[in-house]
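Counting from 3, one number per residue, gives the positions in the sequence shown under the working numbering.
Cβ atoms here follow ideal geometry from the backbone N, Cα and C, with glycine treated the same way.
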Amino acid sequence: MNPLPPAPDPRHGLPAPAGMMNVPVGGPLPPMNVPPPPPIVTAPPSGMALLKALKRRWQLAAIVAPVASILVAAAIWFFTPPAQYVARGTLELNPTPPNPILRSSAGNEPNLDNFRQLQIALIKNQKVLIAALRDPKLSQLQTLREVDNPLQWLEQSMSFSAPGNAQVLQVMLQGKYPEDLRLLLNAVIKTFLSEFVTAEQEIRSARLASLKKYKEQYQEELNKAKVAKQQFSDKGASNANVVALQMAFLQAEVQRRQGEIGKLETEVAELEAQQKQMTNRDPTRVPLDNEIFREFFAQDVEMQNLETERRIAKESLTDAKLKGFRESVTDKLKEKLDAIEKQIRARQQELRSQAEEYWKQRSTSDFAKHSVLVADSLELKNGLLEKYHKELDRTKFMLENLSRNQNRLDDLAFDSESLKEFFRQIDAEERRLRINANDLSRVREIEEPRVLPSDPKARQLKMAALGGALTFLLVLAGLSLWEFHGRRVESVDQIVYGLGLPLVGTVPAMPKQRLLGLAGGLKEEEVQAWRFALQEAVAAARTMLLNAARTTNMRMGMITSAMPGEGKTSLSTQLAVSMAMAGHRTLLLDFDMRNPSAHKLLGMSHTPGWAEILRGEINVADAIRQTNLEKLSFIAAGDCDPVALKSLVQEELGQVLNWLRSQYDFVIVDTCPVLPVVDALLLGRHMDGVIFSVLNEVSQIPKIYVATQRVAQLGIRTLGAVVNGIREDKYGYGSYGYGYRKAGQKKRTPPDPQASQNTPPPGTGQTTPKPGDANQAAGES
Numbered sequence: 003m004n005p006l007p008p009a010p011d012p013r014h015g016l017p018a019p020a021g022m023m024n025v026p027v028g029g030p031l032p033p034m035n036v037p038p039p040p041p042i043v044t045a046p047p048s049g050m051a052l053l054k055a056l057k058r059r060w061q062l063a064a065i066v067a068p069v070a071s072i073l074v075a076a077a078i079w080f081f082t083p084p085a086q087y088v089a090r091g092t093l094e095l096n097p098t099p100p101n102p103i104l105r106s107s108a109g110n111e112p113n114l115d116n117f118r119q120l121q122i123a124l125i126k127n128q129k130v131l132i133a134a135l136r137d138p139k140l141s142q143l144q145t146l147r148e149v150d151n152p153l154q155w156l157e158q159s160m161s162f163s164a165p166g167n168a169q170v171l172q173v174m175l176q177g178k179y180p181e182d183l184r185l186l187l188n189a190v191i192k193t194f195l196s197e198f199v200t201a202e203q204e205i206r207s208a209r210l211a212s213l214k215k216y217k218e219q220y221q222e223e224l225n226k227a228k229v230a231k232q233q234f235s236d237k238g239a240s241n242a243n244v245v246a247l248q249m250a251f252l253q254a255e256v257q258r259r260q261g262e263i264g265k266l267e268t269e270v271a272e273l274e275a276q277q278k279q280m281t282n283r284d285p286t287r288v289p290l291d292n293e294i295f296r297e298f299f300a301q302d303v304e305m306q307n308l309e310t311e312r313r314i315a316k317e318s319l320t321d322a323k324l325k326g327f328r329e330s331v332t333d334k335l336k337e338k339l340d341a342i343e344k345q346i347r348a349r350q351q352e353l354r355s356q357a358e359e360y361w362k363q364r365s366t367s368d369f370a371k372h373s374v375l376v377a378d379s380l381e382l383k384n385g386l387l388e389k390y391h392k393e394l395d396r397t398k399f400m401l402e403n404l405s406r407n408q409n410r411l412d413d414l415a416f417d418s419e420s421l422k423e424f425f426r427q428i429d430a431e432e433r434r435l436r437i438n439a440n441d442l443s444r445v446r447e448i449e450e451p452r453v454l455p456s457d458p459k460a461r462q463l464k465m466a467a468l469g470g471a472l473t474f475l476l477v478l479a480g481l482s483l484w485e486f487h488g489r490r491v492e493s494v495d496q497i498v499y500g501l502g503l504p505l506v507g508t509v510p511a512m513p514k515q516r517l518l519g520l521a522g523g524l525k526e527e528e529v530q531a532w533r534f535a536l537q538e539a540v541a542a543a544r545t546m547l548l549n550a551a552r553t554t555n556m557r558m559g560m561i562t563s564a565m566p567g568e569g570k571t572s573l574s575t576q577l578a579v580s581m582a583m584a585g586h587r588t589l590l591l592d593f594d595m596r597n598p599s600a601h602k603l604l605g606m607s608h609t610p611g612w613a614e615i616l617r618g619e620i621n622v623a624d625a626i627r628q629t630n631l632e633k634l635s636f637i638a639a640g641d642c643d644p645v646a647l648k649s650l651v652q653e654e655l656g657q658v659l660n661w662l663r664s665q666y667d668f669v670i671v672d673t674c675p676v677l678p679v680v681d682a683l684l685l686g687r688h689m690d691g692v693i694f695s696v697l698n699e700v701s702q703i704p705k706i707y708v709a710t711q712r713v714a715q716l717g718i719r720t721l722g723a724v725v726n727g728i729r730e731d732k733y734g735y736g737s738y739g740y741g742y743r744k745a746g747q748k749k750r751t752p753p754d755p756q757a758s759q760n761t762p763p764p765g766t767g768q769t770t771p772k773p774g775d776a777n778q779a780a781g782e783s
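In structure tokens, the structure reads:
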């Protein structure tokens with residue numbers, strides 16, 4: 003060790019500090035080589051570590067987690083809207099028409115998915131929805147009164163499904179009022195079916211008209227064939243005049259057929275041109291005139307109401323003017339009339355948009371119907387044209403071979419039979435179309451709309467329960483992570499092997515009954531056992547200090563901790579008492595001037611003390627007080643102020659401490675914690691070594707590491723750590739005392755080494771604390 007500086011006169015205190023302390027400034031500081039923190043400080047959390055952390059906070063978790071989960075569940079219950087009702091109707095889809103009339107001419111069968119999507123689009127068509135909403139009964143429903151735009155709400159609230167990809171379509175409507183949903187969905191489905199059946203009925207009527215027209219034509223040709231056959235039968239086929247007459251008839255027939263073919267070709271060309279023109283035409287582009295809009299406006303109930311209000315407003319304004327009312331009245335009437343006019347224009351604009359959409363959809367529907375009619379007519383005319391060409395070829399052939407074939411009657415008979423066969427086919431098709439008129443619809447309703455049974459509160463209850471459970475787990479996880487983040491000391495091994503601090507000693511934990519003041523719940527032998535174990539633990543720490551003193555000439559040791567409340571004051575007091583009881587002249591210095599508590603454990607006053615010495619009000623010798631232990635002296639903290647705290651940086655303090663070191667065998671210094679304030683680091687420069695007090699399950703490993711690093715960076719020697727509050731039976735003390743009886747053994751009172759020194763001198767009014775009782779003030783330090 004370096005030689006000590008000359009000691010100052012103990013009769014004088016330290017000089018009072020000036021306003022600014024003169025601290026010598028040296029050269030540039032050498033770079034510090036800070037080692038990386040040990041793994042115990044930075045290790046990620048493990049499952050077992052989190053469970054242990056949660057176990058330490060089980061009381062807080064048992065309160066916070068249920069309360070938080072209940073609050074979250076209640077909030078979800080009250081703020082989550084209940085599940086809405088669902089009305090459902092079912093339609094059967096048959097994409098293949100039951101009658102060939104409606105089938106594709108190419109023979110391709112319709113696709114079910116495409117047909118289903120087409121029906122969904124038709125159901126959600128605004129033409130269908132507007133027609134359904136025109137029912138006066140529906141306008142009084144609560145559902146429609148609560149929405150701003152019933153048409154938009156109805157379109158958005160409808161959904162569709164096809165269970166099992168079968169030939170069914172389920173139409174669903176979701177909302178708050180079940181009966182309203184059923185009525186609305188029923189109106190939509192009935193309107194859709196009406197529109198669909200009407201469209202197919204129009205196609206059937208057009209087909210029937212075409213069949214009737216062609217049937218009349220073939221009937222006329224059949225009659226002509228019959229007349230010709232009768233004429234040839236009457237006149238005979240061998241007569242030259244008859245042959246000439248037959249040739250003239252055939253020539254006339256050829257001309258007639260050619261004329262009919264030319265006419266049919268013209269009609270086919272017109273139909274093909276019309277079909278091509280329809281292919282390139284946009285059916286949604288419909289020119290609309292004001293007459294159509296006026297008719298649409300006249301059917302709107304809201305427009306009628308606005309017109310009525312405008313008429314009333316005009317009449318009121320006219321009456322006000324005629325009766326000479328004030329301008330303020332007429333101005334208000336004008337403003338009201340202008341507002342109504344503005345509403346009318348806005349409503350007209352809205353209805354104009356709806357009318358345009360309505361006529362676009364109607365034009366699209368009419369376009370589709372007309373396309374079917376054109377295709378059917380083109381198909382029939384092409385068939386008829388082909389038939390006429392064949393008949394013309396046959397007539398020409400007959401005309402060319404008339405000279406070689408005198409049996410014209412057979413040809414006419416054959417021609418008549420062909421006409422009769424084609425006539426029978428058309429007649430049969432017409433009769434089948436009329437008979438199956440009711441079976442043409444490919445969409446029919448198989449289940450009327452009904453409200454599905456459901457519990458509106460089930461969704462709220464499920465979400466509330468799920469939210470409460472998740473909140474409970476999150477709170478537990480959060481508390482566990484929060485507690486693990488502190489990394490509290492759980493065992494001595496964490497200090498020794500984790501942080502690498504030498505173990506000076508361990509102090510057993512106070513029984514919980516005694517710590518809580520429940521002395522009645524603790525047996526006397528258990529109290530005596532705990533005191534004996536405490537004495538043994540302090541004696542072990544004292545033995546290690548004495549050994550350090552013999553090897554390193556250590557005589558002044560500082561007891562500190564990383565943070566407040568870790569038992570440093572209790573440890574320093576117990577250690578000083580143990581040193582004095584072992585026969586060593588010991589001085590206990592209370593340098594925790596900001597929060598002094600050692601004087602309470604010794605039953606003394608906190609003044610005068612170090613604060614007065616540092617301010618120069620008294621000298622050191624006058625501040626030393628004798629305790630009830632013969633070899634234990636004490637200097638209290640005194641009344642602290644900023645002047646006294648600034649004096650800790652003075653070099654004269656080291657001289658005073660060196661003088662005290664020379665007067666006693668051991669000097670035990672109780673200081674402030676390292677991390678909150680700098681006092682302990684300033685005093686550590688004058689100490690022979692530092693002992694850290696660690697409180698099991700309270701002290702935090704990262705803070706202990708930072709505190710030891712700060713002390714090491716100043717070159718202050720760390721002797722080790724004393725771990726307080728050990729509850730595990732790891733070092734052989736058993737249940738608070740080696741050699742004490744177990745259950746069922748005879749009671750044996752342990753020896754009390756202080757028995758002869760616990761009685762205070764007469765008239766002093768002071769008591770000497772037992773080493774075990776000093777642990778009760780650990781929380782105050």
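Secondary structure at Phe474: helix, using DSSP grouped into helix, strand and coil. For Asp672, the uninterrupted beta strand (DSSP E) run begins and ends at Phe668 to Asp672, by DSSP.
When Thr553, Arg364 and Gly488 are compared, the shortest CA-CA separation from Asn127 is found for Arg364. Less than 8 Å divides the Cβ of Val190 from the Cβ of Ala134. Ile693 and Gly605 have their alpha carbons spaced roughly 25 Å apart.
Put simply, the backbone Cα of Lys57 is about 58 Å away from that of Arg147. Residue environment analysis places Gln496 among the buried positions, since at least 16 neighbouring C-beta atoms fall within 10 angstroms of its C-beta. Counting only residues of its own chain and dropping the five nearest sequence neighbours on each side, Glu309 has a CB closer than 8 Å to the CB of Ile346.
Using a Cβ distance threshold of 8 Å, Val529 and Asn726 do not count as a contacting pair. Between the stretch 363 to 379 and the stretch 312 to 329, the count of Cβ pairs shorter than 8 Å is below three; the stretches do not touch. Under the DSSP definition of a beta bridge, Thr92 partners with Gln172 and Glu449.
Linking Asp594 to Ala723 through their CA atoms gives a straight-line distance of about 19 Å. Taking a C-beta distance under 8 Å as the contact criterion, Ile728 and Ala511 qualify as a contact pair. DSSP places Ser493 in the coil class of the three-state scheme, outside both helix and strand. Residue state for Ile718 is assigned as coil, using DSSP reduced to three classes.
Between the C-alpha atoms of Glu449 and Ile65 there is a straight-line separation of about 55 Å. Comparing alpha-carbon positions, the option among Arg627, Gly640 and Gly480 lying closest to Leu62 turns out to be Gly480. Secondary structure of Ala164 (DSSP, three-state): coil.
The secondary-structure analysis by DSSP pairs Gln350 with nothing; it has no beta-bridge partner. If one requires a minimum length of 4 residues, the alpha helix (DSSP H) runs lying completely within the stretch 105 to 153 are 114 to 125, 128 to 135 and 144 to 147, in chain order.
Sorting Arg444, Gln301 and Ser163 by C-alpha distance to the C-alpha of Gln203 places Arg444 at the top. Straight through space, the alpha carbons of Leu590 and Pro644 are spaced by roughly 23 Å. Residue range Gly691 to Leu697 is occupied by the beta strand (DSSP E) that includes Ser695. Shown here, Thr609 sits in coil according to DSSP, grouped into three states, outside any helix or strand.
If you look at Ser563, you'll find it isn't in any alpha helix (DSSP H); DSSP assigns it neither H nor E. Of the candidates Glu359, Gln257 and Thr553, the residue whose Cα lies closest to the Cα of Phe295 is Glu359.
About 7 Å separates the beta carbons of Met689 and Gly559, which is inside the 8 Å limit, making them a contact pair. Thr320 sits in a helix when the DSSP states are folded into three classes. An exposed status is given to Thr281, since fewer than 16 other beta-carbon atoms sit within 10 Å of its beta-carbon. Between the alpha carbons of Val494 and Leu52 lies a gap of roughly 19 Å. In the structure shown, the three-state DSSP call for Gln61 is helix. Taking one beta carbon from each stretch, the stretch 672 to 679 and the stretch 559 to 576 have 3 or more pairs nearer than 8 Å; the two touch. Look at Phe194 here: in three-state DSSP terms it is helix. Three or more Cβ pairs drawn from the stretch 533 to 542 and the stretch 574 to 592 lie within less than 8 Å of each other, which places the two stretches in contact. At the C-beta level, Ala600 and Cys642 stay beyond 8 Å of one another.
DSSP places Gln576 within a helical segment (H, G or I) once states are collapsed to three.
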